[in-house]
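K.L.:
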Amino acid sequence: MKPRTFLLAVVAAALCMFVVAGLWHNLVLPGLYADKEAHHNGLGLMLVAYFLLAALLTYLYARTSSGRRPAWDGALFGVVVGVLWVFPHELVLAGAHGDSLAYVFKNGAWHVVEQGLGGWVLGLVLGRHALH
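Just so it is clear: in the sequence shown, position 59 is 890 by my numbering, and no numbers are missing.
1) What residue range is occupied by the uninterrupted alpha helix (DSSP H) comprising aspartate 930?
2) Buried or exposed for threonine 889, please, with buried defined as at least 16 other CB atoms from any protein chain shown within 10 angstroms of its CB.
3) Give me, in chain order, the residues of the same chain whose beta-carbon lies closer than 6 Å to that of valine 879; leave out the 5 immediate sequence neighbours on both sides.
4) Provide the residue span of the alpha helix (DSSP H) that contains valine 911, from first to last.
5) Compute the Euclidean distance between the alpha carbons of valine 911 and glycine 947, then round it to the nearest angstrom.
6) Given a threshold of 16 other Cβ atoms within 10 Å of its Cβ, counted over all protein chains shown, does serine 896 qualify as buried or as exposed?
7) Taking the alpha carbon of glycine 898 as the reference point, which residue from Phe936, Leu957, Gly913, Phe882 has its own alpha carbon closest?
8) Going by C-alpha distance, which of Lys937, Ala927, Arg894 is nearest valine 914?
9) Going by beta-carbon coordinates alone, are glycine 954 and alanine 885 separated by less than 8 Å?
10) Asparagine 857: which of Ala844, Val841, Leu874 sits nearest, CA to CA?
11) Pick from Leu907, Tyr934, Phe908: whose alpha carbon is nearest that of lysine 920?
12) Excluding the 5 residues preceding and the 5 following alanine 840 in the sequence, name in chain order all residues of the same chain whose CB lies nearer than 6 Å to its CB.
13) Report buried or exposed for glycine 926, applying the criterion of at least 16 other Cβ atoms within 10 angstroms of its Cβ.
So this is what it looks like as structure tokens:
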């Protein structure tokens, strides 16, 4: 894979996940739970985290994808990563902060969507550049 294409896929996926995460955590989630409020602390670190997540997703996807259905395969790959990463992480946070299991499942389900969207975007970019 060309470095330029890798970088383009990472930037596109990271920005996609960062934006939809901001919409969820700052607009939707506070409306569902009275004790959750919009927060803007640590945005820089969160953006770095999404770039790291997107880089890992892009690298692993490019190494494992057949390239036949890049957008669909990317979305499915993102969903799998969302399940493997987010759900256990949500359980740990629930244990540490006392969040309800209903919240854990709703937020975990959202992150599956979020990482699925990121995977879909990187699949589109990589598929468009026919790198598989």
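Note that the Cβ used here is the ideal one computed from N, Cα and C, for glycine as well.
P.N.:
Reading off the structure:
1) No alpha helix (DSSP H) contains aspartate 930, which DSSP labels as neither H nor E.
2) buried
3) none
4) 901-912
5) 8 Å
6) buried
7) Leu957
8) Lys937
9) no
10) Leu874
11) Note on identity: in this sequence residue 920 is histidine, with lysine being the wrong assignment. When each option's Cα is compared against that of histidine 920, the closest is Tyr934.
12) Thr889, Leu953, Val956, Leu957
13) exposed
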